[in-house]
Amino acid sequence: MTGMARPSRVLLCTFLSLGPSAAGARAQTVTAASATLPSTASQTAAAQAASPTGATSTGRIEVGVGIEWLGQTSIGAIDATETTPTGSPAVLFSTSSVLAGAVGLHAHVGVRVTNALEAEVVASRAKPQLRTTITNDIEAMTPVVATDDITQYVIGGGILWYLPFRIGASGLLPFVDGSAAYLRQLHQGNTLVDTGQMYRVGGGVKYFFPRRTNAASWLKGYGIRGDAGLAVRLKGVAFDSSARYSPAATASIFMRF
Amino acid sequence: MKIVVKPVGYVVLVAFCLAQPRPASAYMKFGVPAADRVVTLKWARTPVPYYVSEGSSVAGVSLSDFEGAVARAFAKWQAVSTAAVSYRFVGLTAAHPGEDDGLSTLGFESHPEQDGVLASTSYLVDSVTGALIESDIFFNTAFAWSVAPNGEAGRYDLESIAQHETGHFGGLGHSALGETELTPGGYRVISAEAIMFPIAFSAGSVAGRTLKADDIAGISDIYPGAGFAREGSLSGRVTKNGNPVFGAHIVAFDPATRALVGGFTLTDKGEFSIGGLSPGPKVVRVEPLDDADLDSFFGATQAVDVDFRVLLFGRLVVVPAGGDSGQVELPVVAK
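As they're listed, the protein sequences go chains A and B.
Heads up: the first sequence at position 211 corresponds to 201 in my numbering, and the numbers run straight through without jumps.
Heads up: the second sequence at position 67 corresponds to 98 in my numbering, and the numbers run straight through without jumps.
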């Protein structure tokens, strides 16, 4: 997250200079930026000419819900050992564990900080399965997979930065985002809680549906959002202290107010 | 009225495990009959005083060597952070282990007739209250002994054997966490993960000086100390074709701590309970008691079922902090 915050200052200026065509308020901002950053003013004009109607300026608050997929991540391979007369270990059986991939629910609330930058609260709920494969048992021949159903909650905050261009004629609005969140994982039967942190970096696109002329005035826009990236889990369900990496993707619908 | 409980030896163990009305927690604790009930064998007060017999020296082990080895063994039990038990060396005594004098005495004794017993622990128990009055340990001079820091070929490590016997002294029974092979001379230990495994490592080994998770869980369960309340337990029953299995050995493995802790089914319903477990998901394994003589664990009249295959349970059993997993049914199948 620190990495995201630091470049955002620079990128904000870039956005101000390259922002899509704007309403009056944004035009004033561009003007202000132009006053202090004359070297980017020409880029602003070029971008405005190339961009379709701007969407990020429609509404200040965005609320979205959707589904999230978190990929499988290894939890570690650990042997159950006994001690030999020389003091060295002898394997009783071996284990290899993963937190399986899972699809869950996702929600976010974003607040526009500038035309390029949004601050978000993100939350999700999923039910991944902890799977431990037991092999090489000294007496049992057949490997066994032992499982535990996990209920996982994530809540945290992040930022989203709109890239200073649009994709093709469709008006897809690309962005990069990152978040840091509290991770709470309940084991089967809710008898035990593991907590940790989840960090996520990635990017995606938003598509704003054309606004109907008879739409309610409070609804400034709506659309769909898709993003993908890398999730990094610290602690939580784990058999050691290593960071765990997995791919992550989210698809949601959103409304802006 | 007092009763003398038969000795618990090392290498070849005298049958010893009195019937218990409820499953013991982990490893094996001793239950002793008292009036109309069975109570856990344990010291009522600590530090527990002990004496060393004046004649406790053999070739390679002086009296002070003996005192030092025994003191180190007691100190390791005492150092278990989740247990509240301590021991105090009072001094030398002219008494011998096995004398019903109210003094807990440790020493060397000559028992050539017990050629399979390295050492043995016995108890004197009040049969009315079940209170533990005295516990004696003898180390058999029929064997060669050593206190060399790294062991000595052909000689048994006194500290390792004392570590096991002082576990009995505290009230612990045997653990089945070990693998053996049958040789013409008896069982040979391939590996073990409990000091309280009934068969000693071979002569020259000093691997038996270090307490394992199973030992720590056991002593903590008998003498729960600070932090033990956060530990949890795993309980359930073992069945075969729907019928209870008595004497099955259940092992809980924690991948996070790498700890192996075992227990037994000890009731006619096939129930077990393993206490002293750190919170978290556990891999559960059930095996028949086939790595030592059954009388190392159970009385001769108790019908231990060893006719089933090893079971690796298909669910990770979650042990909560300070609570129990809830009853887990572990179905085994006949060989």
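Just so it is clear, CB atoms sit at the ideal spot from N, CA and C, and this is done for glycine as well.
What you are looking at is a predicted structure, and each value in this text was computed from that prediction instead of being measured.
Residue range of the unbroken alpha helix (DSSP H) whose run includes residue i
i	result
B:Glu98	Leu94 to Gln109
A:Ala70	It is not in any alpha helix (DSSP H) - A:Ala70 instead sits in the beta strand (DSSP E) that spans Thr63 to Thr73.
B:Ala223	Looking at the DSSP string, B:Ala223 is not in any alpha helix (DSSP H); the run it does join, the beta strand (DSSP E), is Gly217 to Ala223.
B:Ser191	Leu189 to Gly201
B:Ile247	Ala244 to Ile253
Bridge partners - residue i, DSSP secondary structure assignment
i	result
B:Gly138	B:Phe169
B:Val269	B:Leu361
B:Asp355	B:Ser264
B:Pro78	Note: B:Pro78 sits in no beta bridge, so no partner.
A:Asp138	A:Leu120
B:Val83	B:Leu123 and B:Leu137
Segment limits, beta strand (DSSP E) that includes residue i
i	result
A:Phe165	Leu163 to Leu176
A:His98	Ala92 to Arg102
A:Ser232	A:Ser232 -> no beta strand (DSSP E), and no H or E assigned at all.
B:Phe280	Phe is not the amino acid found at residue 280 of chain B; the sequence shown has His there. Element bounds for B:His280: His280 to Asp285.
A:Gln142	Thr141 to Tyr152
B:Ser153	Val148 to Asp157
B:Phe120	Tyr118 to Thr124
A:Met188	Val183 to Phe198
A:Thr123	Gln119 to Thr125
B:Phe295	Ala290 to Phe295
A:Phe83	Pro79 to Leu89
B:Gly204	No beta strand (DSSP E) contains B:Gly204, which DSSP labels as neither H nor E.
B:Pro64	Gly62 to Ala65
7 Å CB neighbourhood of residue i in its chain, flanking five on each side removed
i	result
A:Val101	Arg50, Ile51, Glu108 and Ala109
B:Phe339	Lys271, Val276, Pro319, Val363, Val364, Ala365 and Lys366
B:Val121	Pro80, Tyr81 and Tyr82
B:Ala290	Ala244 and Ser309
A:Asp230	Gly66
B:Asp96	Val178
B:Gly235	Gly182, Glu183, Ala184, Gly185 and Arg186
A:Gly56	His96, Thr240, Ala241, Ser242 and Ile243
Within chain B, the residues that residue i reaches when beta carbons sit closer than 9 Å
i	result
A:Ala130	Arg316, Glu318, Arg340, Val341, Leu342 and Leu343
A:Asp138	Pro312, Arg346, Leu347, Val348 and Val349
A:Val93	Those within 9 Å of A:Val93 in chain B number zero; the least Cβ separation is about 22 Å.
A:Gly179	Val349, Pro351, Ser356 and Gly357
A:Thr122	Pro286, Pro312, Val314 and Leu347
A:Leu224	Here the premise fails: no neighbours, minimum Cβ distance about 15 Å.
A:Val135	Gly345
Neighbouring residues, chain A, relative to residue i (Cβ below 9 Å)
i	result
B:Glu210	Glu72, Ala80, Leu82, Ile128 and Glu129
B:Val220	Thr74 and Pro75
B:Leu291	Ala70, Thr71, Glu72 and Leu82
Amino acids of chain B, ordered along the chain, whose beta-carbon sits closer than 7 Å to that of residue i
i	result
A:Gly77	Ala238
A:Ile145	Under the 7 Å cutoff, chain B gives no residues; its nearest Cβ is about 23 Å from A:Ile145.
Own chain residues within Cβ distance below 6 Å of residue i, not counting five before or after
i	result
B:Trp74	Leu163
B:Leu347	Pro312
B:Asp355	Ser264 and Ser266
A:Ala70	Leu82 and Phe83
A:Pro237	Gly61
A:Ala239	Trp59 and Ala218
B:Thr160	Ala65
Chain-ordered neighbours of residue i on chain A, where CB pairs are closer than 8 Å
i	result
B:Ala244	None at all; the shortest Cβ gap to chain A is about 11 Å.
B:Ala223	Glu72 and Thr73
B:Leu189	By Cβ distance, chain A contributes nothing, its closest Cβ being about 16 Å from B:Leu189, past 8 Å.
Chain-ordered neighbours of residue i on chain B, where CB pairs are closer than 8 Å
i	result
A:Ser87	Pro286
A:Gln62	The contacting residues do not exist; A:Gln62 stays about 16 Å from chain B at best.
A:Leu173	Under the 8 Å cutoff, chain B gives no residues; its nearest Cβ is about 16 Å from A:Leu173.
A:Phe229	Pro286 and Ala287
A:Leu150	Ordered by position in chain B, no residue passes the 8 Å Cβ test against A:Leu150, which lies about 36 Å from the chain.
Per-residue contacts from residue i into chain A (C-beta, under 7 Å)
i	result
B:Phe7	Since the first and last residues shown for chain B are 32 and 366, residue 7 of chain B lies out of range.
B:Val335	Within chain A, no residue comes near B:Val335; the closest Cβ sits about 17 Å away, beyond 7 Å.
Own chain residues within Cβ distance below 8 Å of residue i, not counting five before or after
i	result
B:Gly113	Note that residue 113 of chain B is Thr in the sequence shown, not Gly. Closer than 8 Å at the Cβ level, and outside the excluded window around B:Thr113, lie Ile247, Ser251, Pro255, Gly256, Ala257, Gly258, Phe259, Glu262 and Gly307.
A:Ala45	Confidence at A:Ala45 is low in this model, with a pLDDT of 48, below 50, so its placement is unreliable and the value that follows should be read with caution. Pro10, Gly161, Leu163, Lys196, Phe198, Gly211 and Gly213, listed in sequence order.
B:Ser117	Thr77, Pro78, Val79 and Gln109
B:Ala303	Inspection of the sequence shows that residue 303 of chain B is occupied by Phe rather than by Ala. So the qualifying residues of the chain are Pro54, Ser266, Gly267, Arg268, Val269, Ala279, Ile281, Gly294, Phe295, Thr296 and Leu297.
A:Val134	Thr123 and Ile124
A:Ser232	Gly66
Q: May I ask you to verify whether the segment 289 to 305 of chain B touches the segment 235 to 242 of chain B, counting CB pairs closer than 8 Å and requiring at least 3?
A: no
Q | Given 8 Å, three or more beta-carbon pairs between the segment 175 to 183 of chain A and the segment 201 to 221 of chain A | A | no
Q) Would you call the segment 219 to 237 of chain B and the segment 140 to 150 of chain A touching, i.e. three or more CB-CB distances under 8 Å? A) no
Q | Stretch-stretch touch, CB-based, cutoff 8 Å, three pairs: the segment 110 to 126 of chain A with the segment 81 to 93 of chain A | A | yes
Q) Okay, do the segment 183 to 202 of chain A and the segment 321 to 340 of chain B touch, 3+ Cβ pairs below 8 Å being the bar? A) no
Q) Any contact of the segment 185 to 199 of chain B with the segment 212 to 219 of chain B, i.e. 3+ C-beta pairs under 8 Å? A) no
Q: Give a yes or no on contact between the segment 165 to 177 of chain B and the segment 122 to 142 of chain B, applying the rule of three or more CB pairs nearer than 8 Å.
A: yes
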